[in-house]
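Engineer: Position one of the sequence shown corresponds to residue -17 (our numbering), numbered consecutively onward. Beta carbons are placed, not taken as given, at the ideal position from N, Cα and C, and that holds for glycine.
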Amino acid sequence: DDDDLWHPRRIEHLGRAAAEADDLGQAAAGIFRDARPIDGSASPTQAVDVEALLRVGRAERHGHADALGGGLRLEYFHYVARAAVVRAFFNKAEPAVLASTYCDLAFAEFV
-17 DDDDLWHPRR IEHLGRAAAE ADDLGQAAAG IFRDARPIDG SASPTQAVDV
33 EALLRVGRAE RHGHADALGG GLRLEYFHYV ARAAVVRAFF NKAEPAVLAS
83 TYCDLAFAEF V
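Here is the structure:
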């Protein structure tokens, strides 16, 4: 959605997750992490604003299993998959699936 902020180092983070998955022989890796203001008065508009809120304790990082188990709904989650896996999905998926707004769910099921 359009209210998310992207951290400038997100590609570095995705690259680390992909390398770890590759080392383990996994087809894909999931990245589940975000940071949220503790109170509603903070309205960060840039990644540096989020970093500042984290430094002074006005925001919290989430994305660990304990928070997810407690019902936290993350805003930031991504998957990195091997190129061969993505190609295989596109080769196998029907055109109607690829055109669907739920194509991402079909891909997740495929992986």
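1. Given that a residue counts as buried once 16 or more other Cβ atoms are within 10 Å of its Cβ, and exposed if not, what is F72?
2. Just to confirm, are I20 and A41 a CB contact at a threshold of 8 Å?
3. Answer yes or no: does any C-beta atom of chain B fall closer than 8 Å to that of E33?
4. In whole angstroms, what separates the C-alpha of A78 from that of Y84?
5. Drop a sphere of 10 angstroms on the beta-carbon of V38, count the other beta-carbons inside from all chains shown, and report buried for 16 or more, exposed for fewer.
6. Consult DSSP for V62 and reduce its assignment to one of helix, strand or coil.
7. Hey, out of Q28, H(-11), L35, A29, whose CA is closest to G22's CA?
8. Can you tell which of P26, E91, D4, I(-7) has its C-alpha closest to the C-alpha of A65?
9. Using the Cα positions of P168 and F89, report the straight-line distance between them to the nearest angstrom.
Structural biologist: According to the structure data:
1. F72 sits exposed, since fewer than 16 C-beta atoms from the chains shown fall within 10 Å of its C-beta.
2. yes
3. You won't find chain B in this structure, because it holds only one protein chain.
4. If I take the Cα positions, the gap works out to 10 Å.
5. Here V38 is exposed: its Cβ has fewer than 16 other Cβ atoms, across all protein chains shown, within 10 Å.
6. Secondary structure at V62: strand, using DSSP grouped into helix, strand and coil.
7. L35
8. D4
9. Residue numbering for the chain in the displayed model covers -17 to 93; residue 168 lies beyond these limits and cannot be assessed.
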